[in-house]
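Asks: This note's numbering puts the first residue of the sequence shown at 19, with every later residue one more than the last. Yeah, the Cβ is synthetic: ideal placement off N, Cα and C, and Gly gets one too. What you are looking at is a predicted structure, and each value in this text was computed from that prediction instead of being measured.
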Amino acid sequence: MSNQSLASVLARLKLLTGSDTDVQLARALEVSPQTLSSWKVRDSIPYSLCVSIARKHECTLDWLLMGETQNPSPAQTEDGWENDVLERLRSLSSADRQAIFLHIEDKHRIQRLEQQLHALAQRAPGQA
Numbered sequence: 019m020s021n022q023s024l025a026s027v028l029a030r031l032k033l034l035t036g037s038d039t040d041v042q043l044a045r046a047l048e049v050s051p052q053t054l055s056s057w058k059v060r061d062s063i064p065y066s067l068c069v070s071i072a073r074k075h076e077c078t079l080d081w082l083l084m085g086e087t088q089n090p091s092p093a094q095t096e097d098g099w100e101n102d103v104l105e106r107l108r109s110l111s112s113a114d115r116q117a118i119f120l121h122i123e124d125k126h127r128i129q130r131l132e133q134q135l136h137a138l139a140q141r142a143p144g145q146a
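1. Could you have a look at residue 68 and say whether DSSP puts it in helix, strand or coil?
2. How far does the alpha helix (DSSP H) with residue 80 in it reach, from first residue to last?
3. Apart from the five residues just before and just after residue 26, which ones in its own chain have a Cβ nearer than 7 Å to its Cβ?
4. Any beta carbon from chain C within less than 8 Å of residue 113's own beta carbon?
5. Spell out a yes or no on whether the segment 67 to 84 and the segment 25 to 39 are touching, meaning 3 or more CB-CB pairs, one atom from each, closer than 8 Å.
6. Could you check which residue in 48, 60 and 38 has the C-alpha nearest to that of residue 71?
7. If you follow the alpha helix (DSSP H) that residue 128 is part of, which residue opens it and which one closes it?
8. So, for residue 110: in the same chain, excluding its five sequence neighbours on each side, which residues have a beta-carbon less than 6 Å away from its beta-carbon?
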């Protein structure tokens with residue numbers, strides 16, 4: 019495995035586990051930061067770990083190891099996206115979840131205002 023591809027695999031592992039740093043990733047993978055560092059030095063990651071993570075996060079090994087997708091994972095399907103979002107939300111800190119909640123409230127408020135504006139524009143006489 020080249021350093022570039024190992025870095026890509028680690029980036030996808032961070033994405034799956036919601037990790038921002040190597041320390042967070044090591045914790046999510048239940049290995050020590052030294053173990054993660056040794057994988058980088060050896061330019062290798064245990065295949066069995068990749069299989070386990072792919073199963074846990076319902077993604078393909080093609081995507082995890084090579085970044086390729088042939089079939090959508092359950093998280094990418096119409097039925098699976100909600101579970102994927104919930105799992106990702108649960109992995110965030112309380113402050114991050116609150117920030118996302120406030121963003122959602124803002125988005126809903128903007129949508130309501132847009133609907134009201136559209137309704138007013140429809141009722142305005144002489145408007146095209």
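Replies: Looking at the atomic coordinates:
1. helix
2. Segment: none, residue 80 is in no alpha helix (DSSP H) and carries neither H nor E.
3. 85
4. Among the protein chains of the structure shown there is no chain C, as only one such chain exists.
5. yes
6. 48
7. 112 to 141
8. none
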